[in-house]
Amino acid sequence: MSEAPKKRWYVVQAFSGFEGRVATSLREHIKLHNMEELFGEVMVPTEEVVEIRGGQRRKSERKFFPGYVLVQMVMNDASWHLVRSVPRVMGFIGGTSDRPAPISDKEVDAIMNRLQQVGDKPRPKTLFEPG
């Protein structure tokens, strides 16, 4: 028996501001078409930031890559068409339009490390230095 193809990370370009909805829609499409074995994680990397508005401290989420969704998947014609059929998806980043290139493992590790570092404490949206 041959082993299953390895899931790689791809970057999907979505309409700016709709990254969360695209990720949710993609997860629903995957379940609807019973293609869970071809897909891993679908994520929009975010960090929590603290901003001060009107004298009040507020926490909000800021996206690391606005307009992009990271998808872990096995690339084939069926999975490519599934992702492209999701509303508000403009396409894949890298490679050619019909054969997208996965991002390198080094880049994935850097993104995951950044997410783990951010996990604990929210950071200020604007950093001030004495001047």
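So for the sequence shown, UniProt numbering puts the first residue at 1; every next one is plus one. Beta carbons: idealized from backbone N, C-alpha and C, even for Gly.
Query, Result
"Beta strand (DSSP E) runs contained entirely in the UniProt domain \"NusG-like N-terminal\" (6-115), provided each spans 3 or more residues", "8-14, 39-43, 46-53, 56-63, 68-73 and 89-93"
"Residue burial classification, residue 163 (beta-carbon count within 10 angstroms, cutoff 16)", "Lying outside 1 to 131, the shown extent of the chain, residue 163 is not represented and no answer is given."
"Near the ligand FAD: Gln13 beta-carbon under 7 angstroms from a heavy atom", "Annotation note on the ligand FAD: not contained in the displayed structure, which lists no ligands."
"Same chain, Cβ closer than 7 angstroms to Ser16, five either side skipped, listed in chain order", "Pro66 and Gly67"
"Residue nearest to Ile103 in terms of C-alpha spacing, selected from Ala78, Met90 and Met73", "Met73"
"Buried/exposed call for Trp41, threshold 16 Cβ in 10 Å", "In the sequence under discussion, the amino acid at residue 41 is Glu, which differs from the Trp named in the question. Label assigned to Glu41: exposed."
"Nearest residue (CA-CA) to Phe39, options Glu47, Leu26 and Val50", "Leu26"
"Cβ-based neighbour list, Val83, same chain, cut-off 7 angstroms, excluding 5 preceding and 5 following", "Val12, Leu26, Val71 and Val89"
"Length of the line joining the Cα atoms of Arg8 and Gly54", "44 angstroms"
"Nearest-angstrom beta carbon gap, Val50 and Arg57 [assumed within contact, 8 angstroms]", "6 angstroms"
"Assumed close pair Tyr10, Phe92 - CB separation to whole angstroms, cut-off 8 angstroms", "6 angstroms"
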